[in-house]
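Participant: All letters in the sequence shown, in the order written, are residues 1 to 248 by the working numbering.
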Amino acid sequence: MFFKDKVAIVTGGTRGIGRAIVLMLAAEGADVAFSYLKSTQEAEGLKQEIKKIGRKSLALQIDVRDFEKAKELVEKTKHSLGGLDILVNNAGITRDKALMMMAKEEWQEVIDTNLSGVFNVTRNAIVTLLKQKRGDIVNITSVSGISGMGRQTNYAASKAGIIGFSKSLAKEVAPYNIRVNCLAPGFIETDMIAGLRQDYKEKLKQEIPLGRFGRVEDVTGAVKFLLSDAAGFITGQTIVIDGGLFIQ
Ligand code: NDP
Numbered sequence: 001m002f003f004k005d006k007v008a009i010v011t012g013g014t015r016g017i018g019r020a021i022v023l024m025l026a027a028e029g030a031d032v033a034f035s036y037l038k039s040t041q042e043a044e045g046l047k048q049e050i051k052k053i054g055r056k057s058l059a060l061q062i063d064v065r066d067f068e069k070a071k072e073l074v075e076k077t078k079h080s081l082g083g084l085d086i087l088v089n090n091a092g093i094t095r096d097k098a099l100m101m102m103a104k105e106e107w108q109e110v111i112d113t114n115l116s117g118v119f120n121v122t123r124n125a126i127v128t129l130l131k132q133k134r135g136d137i138v139n140i141t142s143v144s145g146i147s148g149m150g151r152q153t154n155y156a157a158s159k160a161g162i163i164g165f166s167k168s169l170a171k172e173v174a175p176y177n178i179r180v181n182c183l184a185p186g187f188i189e190t191d192m193i194a195g196l197r198q199d200y201k202e203k204l205k206q207e208i209p210l211g212r213f214g215r216v217e218d219v220t221g222a223v224k225f226l227l228s229d230a231a232g233f234i235t236g237q238t239i240v241i242d243g244g245l246f247i248q
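What follows is the structure in structure tokens.
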């Protein structure tokens with residue numbers, strides 16, 4: 001097992017990529033606290049699945065936009081699960097629109113959730129990791145934050161921000177044996193891309209060299225690697241998981 005008896009926090013753990021990361025961590029021996037915004041039913045189902053695996057979990061309806069709530073996420077995790085070793089900042093949203101049509105609220109909601117959410121949770125978690133001189137952080141960004149994408153100025157800005165944040169933090173906390181890395185998925189089959197028009201999806205698929213959209217397992221494999229000792233000399237990096245769509 002990769003993460004036997006470690007304690008992890010995954011934000012946005014109830015659906016899609018986050019849910020798959022939670023289950024991977026539990027299957028690899030970790031106890032997992034996960035946050036969500038609205039999906040209480042999914043949270044309950046996930047708790048049951050983790051119980052079946054034989055690990056402990058904590059489901060918290062905590063909005064990552066709220067700094068005090070993020071503090072509660074960290075404190076309750078430490079109190080209920082007995083520590084903190086791993087943080088995966090995964091919660092994210094899109095509000096795609098051409099810039100000329102984008103409302104201030106659509107800009108702000110995406111920045112607050114995707115970028116400030118990473119600050120809020122990491123700022124509260126880092127104190128514990130620094131004190132114990134140990135910890136691993138993976139932040140989920142996007143190819144949009146590297147290559148840009150039309151109608152995603154808000155999302156791309158938030159995801160590019162996460163990469164800059166992670167590089168800076170990686171340098172800052174490396175002396176304390178803490179690694180910080182990013183994953184940048186391309187198109188992964190979750191609710192997030194379910195709303196895209198079918199003809200657009202078909203066109204996109206043809207442009208992906210590996211000829212398919214990603215699966216959540218394509219992301220969890222890379223999360224497992226980055227959090228494991230196999231990646232012990234890797235920090236401040238971003239791994240792209242996009243089937244070759246944005247080869248640089
Ligand atoms: P989903 O929409 O399937 O799930 C998003 C998760 O984030 C849900 O659990 C949701 O909770 C939670 N969440 C949303 N807002 C908040 C908030 N304010 N506070 C706490 N939790 C919140 O997304 P994906 O699984 O597709 O995406 C996961 C991550 O991967 C995101 O950061 C996304 O940007 C990134 N990504 C996804 C890609 C894709 O193609 N799917 C591509 C590139 C990056 P609730 O269920 O309660 O709403």
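Where is the CB? At the ideal position from N, CA and C, for every residue including glycine.
Owing to the predicted nature of the structure, the values given are computational and were not obtained by experimental measurement.
With Ala157 and Asn120 assumed to form a contact (beta carbons below 8 angstroms), what rounded beta-carbon distance in angstroms separates them?
Facilitator: Going by Cβ atoms, the distance from Ala157 to Asn120 rounds to 17 angstroms, so no, they are not a contact pair.
Participant: Nearest CA to the CA of Leu25: which residue from Gly82, Lys133, Arg55 and Ile241?
Facilitator: Closest by alpha carbon: Arg55.
Participant: In or out: Leu196 buried (at least 16 other Cβ within 10 Å) or exposed?
Facilitator: Exposed.
Participant: Helix, strand or coil, according to DSSP, for Arg19 in the structure here?
Facilitator: In the structure shown, Arg19 sits in a helix (DSSP, three-state: H, G or I).
Participant: If I'm right that Leu130 touches Tyr200 with Cβ under 8 angstroms, what's the distance once you round it to whole angstroms?
Facilitator: In fact, because the Cβ distance is near 45 angstroms, the residues do not count as touching under 8 angstroms.
Participant: Taking Cβ to Cβ, would you say Ile239 is nearer than 8 angstroms to Gly186?
Facilitator: It is not a contact, given that the beta carbons lie outside the stated cut-off.
Participant: At a cut of 8 angstroms, does the region 14-32 reach the region 100-119 through at least three beta carbon pairs?
Facilitator: Cβ pair count under 8 angstroms is below three, so no.
Participant: Less than 8 angstroms between the CB atoms is what I'm expecting for Val127 and Ala184, so what's the real figure, rounded?
Facilitator: The Cβ separation is near 27 angstroms, so there is no contact.
Participant: Leaving out five residues before and five after Gly12 in sequence, what residues of the same chain have Cβ atoms less than 6 angstroms from its Cβ?
Facilitator: Cβ within range, chain order: Gly18, Asn90 and Ala91.
Participant: Going along the chain, which residues of its own chain have a beta-carbon closer than 6 angstroms to the beta-carbon of Asp31, five neighbours each way excluded?
Facilitator: Contacts found: Val7, Arg55, Lys56 and Leu81.
Participant: Could you compute how far the alpha carbon of Val74 sits from the alpha carbon of Leu60?
Facilitator: For Val74 and Leu60, the distance between alpha carbons rounds to 10 angstroms.
Participant: Can you check whether the CB of Glu72 is closer than 8 angstroms to the CB of Arg95?
Facilitator: Their beta carbons are not under 8 angstroms apart, which means Arg95 does not touch Glu72 by this criterion.
Participant: Could you check if Arg95 belongs to the surroundings of the ligand NDP, using beta carbon to heavy atom distance under 7 angstroms?
Facilitator: Checking the Cβ of Arg95 against the ligand NDP gives no.
Participant: Go through its chain and collect everything with a Cβ distance to Lys224's Cβ below 8 angstroms, but skip five positions before and after it.
Facilitator: The residues are Phe2, Met24 and Glu28.
Participant: Cβ-heavy atom distance between Gly251 and the ligand NDP below 7 angstroms?
Facilitator: Residue 251 lies beyond the residue range present for the chain, which begins at 1 and ends at 248; the question has no answer from this structure.
Participant: I want to know whether the region 145-157 touches the region 110-118 - three or more CB-CB distances under 8 angstroms.
Facilitator: Yes, the region 145-157 touches the region 110-118.
Participant: Ignore the nearest five residues each way along the sequence and tell me which others in Ile193's own chain have a CB closer than 6 angstroms to its CB.
Facilitator: The answer, listed in chain order, is Phe187.
Participant: For Ala184, which beta-bridge partners are listed by DSSP?
Facilitator: DSSP lists Val240 as partners of Ala184.
Participant: Can the beta-carbon of Glu42 be found closer than 8 angstroms to that of Thr14?
Facilitator: Yes, Cβ-Cβ distance for Glu42 and Thr14 is below 8 angstroms.
Participant: When you compare the CB positions of Ile137 and Ile162, do they come within less than 8 angstroms of one another, or not?
Facilitator: Their beta carbons are not under 8 angstroms apart, which means Ile137 does not touch Ile162 by this criterion.
Participant: Please tell me whether Leu87 and Ile140 are closer than 8 angstroms, where the distance is taken between their beta carbons.
Facilitator: Not closer than 8 angstroms, so no.
Participant: Just curious, the alpha helix (DSSP H) that Ile50 is in, first and last residue?
Facilitator: Thr40 to Ile53 is the extent of the alpha helix (DSSP H) around Ile50.
Participant: Where Ala174 and Ala230 are concerned, what is the direct C-alpha to C-alpha distance, given to the nearest angstrom?
Facilitator: So the two alpha carbons sit approximately 17 angstroms from each other.
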